[in-house]
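This report concerns only the one structure given below.
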Amino acid sequence: MHDEQNPTDTAQDDAAGADLAGDAASSDPARGLAAVRALRTLADRLEDVQVANARANGWSWQSIAEILQISRQAVHQKHAHREARESGSEGDKNNV
1 MHDEQNPTDT AQDDAAGADL AGDAASSDPA RGLAAVRALR TLADRLEDVQ VANARANGWS
61 WQSIAEILQI SRQAVHQKHA HREARESGSE GDKNNV
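Per UniProt numbering, the sequence shown starts with residue 1, numbered consecutively.
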């Protein structure tokens, strides 16, 4: 199952992302580094959502890997367990 967000949540996430981008440029190292950490978390979350979206739309691991500019094995290793958990199977071992 995919976590669906309502438009209000998405708008709040967009505003938070814009705030974080501004904070990352801060001259205060504590504020800037905290923003960098939060942006990494946000980027990972967005990657999870979009990889799941791509797989649900029939994309191969290779196609996803090419766009993310990482190896097919790396993207599969990072995301296949989520797909397996959602489908209740052991993962897509033949489509690596």
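For every residue, glycine included, the Cβ atom is placed at its ideal position computed from N, Cα and C. Note that the structure is a prediction, hence the values are computed from the model and not measured.
Those runs of the beta strand (DSSP E) which lie wholly inside the segment 38 to 75 and span at least 3 residues: Segments of the beta strand (DSSP E) lying fully in the segment 38 to 75: there are none.
Count the C-beta pairs between the segment 60 to 75 and the segment 27 to 40 that are closer than 8 Å, then say yes if the count reaches three, no if not. Not touching, per the Cβ criterion.
Note down, in chain order, each residue of its chain lying with its Cβ closer than 7 Å to the Cβ of Leu46, except the 5 sequence neighbours on either side. Counting only Cβ-Cβ distances below 7 Å, and skipping sequence neighbours, we find nothing.
Around the C-beta of Arg55, are 16 or more other C-beta atoms found within 10 angstroms, so that it is buried, or is it exposed? By the 10 Å Cβ count, Arg55 comes out buried.
Does the beta-carbon of His81 have 16 or more other beta-carbons within 10 angstroms, so that it is buried, or is it exposed? Per the 10 Å Cβ criterion, exposed.
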